[in-house]
Amino acid sequence: MLDVSRVSHWLDFHRLGDSWQTLIEQMGLPPAVLPASNGSPDHGTLHQAFNETLAQRVAERFSQDFDYFGYDRNSWQAGYPLESQR
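Quick note on the working numbering: the sequence shown kicks off at 74 and runs consecutively.
Right under this line is the structure:
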């Protein structure tokens, strides 16, 4: 298991560009844009991708992550776009 207390910066991959900009600003680095590569098409909503059984399994398996990052275990039901969870 990853010792999260040893990690100094977390990047949100749903908003990687914004997370990256925040990180380089915090580190005092010059502005830099991440190149886009290996992009994927819009995959719809979490509601379309998950069913209740799968959502429960994910929430159980990643319970510590849900708690640490404050993820809503029921967010898949609301139909949020995949790229804008946090």
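For every residue, glycine included, the Cβ atom is placed at its ideal position computed from N, Cα and C.
Neighbourhood of residue i by C-beta distance below 6 Å, restricted to the same chain and skipping five residues each side
i	result
Trp93	Leu107
Nearest candidate by alpha-carbon position, reference residue i, set the options
i	options	result
Gly90	Met100, Leu75, Ala109, Ala132	Ala109
Extent of the continuous alpha helix (DSSP H) run through residue i
i	result
Arg75	The displayed chain sequence assigns Leu, not Arg, to residue 75. Premise fails: Leu75 is in no alpha helix (DSSP H) and is neither H nor E.
Leu102	Note, Leu102: premise wrong, no alpha helix (DSSP H); not H, not E.
Thr126	125-134
Neighbourhood of residue i by C-beta, 7 Å cutoff - its chain only, sequence neighbours within 5 removed
i	result
Gln150	His120
Ala105	Ile97
Pro114	none
Arg79	none
For residue j and residue i, the rounded distance between their alpha carbons
i	j	result
Phe139	Thr118	19 Å
Glu98	Ala122	35 Å
Ala128	Thr95	30 Å
His82	Glu125	32 Å
Glu156	Arg88	For Glu156, the predicted model reports a pLDDT of 49, less than 50, meaning its position is unreliable; a value from the coordinates is still stated below. C-alpha separation (whole angstroms): 7 Å.
Leu75	Tyr144	18 Å
Cβ neighbours of residue i in the same chain (closer than 8 Å, five flanking residues each side left out)
i	result
Val77	Tyr141
Arg146	Ala128, Ala132, Phe139
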